[in-house]
Amino acid sequence: MSDQLKKRVGKIKDKFTGMKKGDGTPMSRQQIHMLRKRARGICWICSEPAIPDGYFCLRHQIAARERMRKKLGCKKRYKGSESYVLKAQQKPTKKKKKTR
Ligand SMILES: [Zn+2]
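Mind the numbering: the sequence shown is residues 15 to 114 in our numbering, read in order.
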């Protein structure tokens with residue numbers, strides 16, 4: 015049997031294994047984990063499909079936005095930003111009113 019069919023034990027070996035940061039120090043496991051998720055285009059937090067060119071799914075993108083707003087004390091809202099636009103595009107799945 016080929017090695018590919020063997021059950022994987024131990025560390026993952028891919029292009030991210032043993033990756034180094036800009037200053038030459040090795041990346042932490044957590045950072046590599048996030049890079050792997052980034053490469054697969056899934057949310058860093060919940061592994062749902064991420065928004066295009068984003069790190070998170072829409073739900074976590076909004077959560078991250080609101081967290082940073084709070085931290086930075088922002089008053090303005092950039093309504094044209096991707097997370098607002100995508101939220102507006104999203105069809106409301108819950109709170110459906112019955113017509114009959
Ligand atoms: Zn998510």
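Backbone N, C-alpha and C define an ideal beta-carbon position, used for all residues, glycine too.
message = If you measure between the beta carbons of Ser61 and Ile76, is that distance less than 8 Å?
response = The sequence position of residue 61 within the sequence shown is 47, counting from 1. The sequence position of residue 76 within the sequence shown is 62, counting from 1. Contact flag unset, no.
key: Gly24 to Thr31 span [Cα, whole Å]   = Walking along the sequence shown from the start, residue 24 turns up at place 10. Walking along the sequence shown from the start, residue 31 turns up at place 17. Approximately 12 Å, taken between the alpha carbons.
ask   = His74 and Cys88 look like a contact to me (Cβ under 8 Å); what is the Cβ gap, rounded to whole Å?
value = Residue 74 sits at position 60 when you count from the first residue of the sequence shown. Residue 88 sits at position 74 when you count from the first residue of the sequence shown. About 18 Å separates the two Cβ atoms, so there is no contact after all.
inquiry  = Counting C-beta neighbours from all protein chains within 10 Å, is the total for Ile26 16 or more, i.e. buried, or is it exposed?
reply    = One-based indexing of the sequence shown puts residue 26 at position 12. Exposed, by the Cβ-count rule.
ask   = Taking 7 Å as the line, does the beta carbon of His47 fall inside it for any heavy atom of ligand 1?
value = Within the sequence shown, residue 47 is the residue found at index 33, counting from 1. His47: no, Cβ never under 7 Å from ligand 1.
ask   = Measuring CA to CA, which of Lys101, Lys29 and Leu72 is closest to Ile46?
value = Indexing the sequence shown from 1 puts residue 46 at position 32. Ranking Lys101, Lys29 and Leu72 by Cα distance to Ile46 puts Lys29 first.
query = Taking the C-alpha atoms as reference points, what is the distance between Met82 and Arg91?
reply = By one-based count along the sequence shown, residue 82 stands at place 68. By one-based count along the sequence shown, residue 91 stands at place 77. Each residue's alpha carbon lies about 12 Å from the other.
ask   = In three-state terms, what does DSSP make of Lys27?
value = One-based indexing of the sequence shown puts residue 27 at position 13. Three-state result, Lys27: coil.
task = Report whether the distance from the Cβ of Ile59 to the nearest heavy atom of ligand 1 is below 7 Å.
result = As a first step, residue 59 is located in the sequence shown; it is residue number 45 there, counting from the start. Because some heavy atom of ligand 1 lies under 7 Å away, the Cβ of Ile59 counts as near it: yes.
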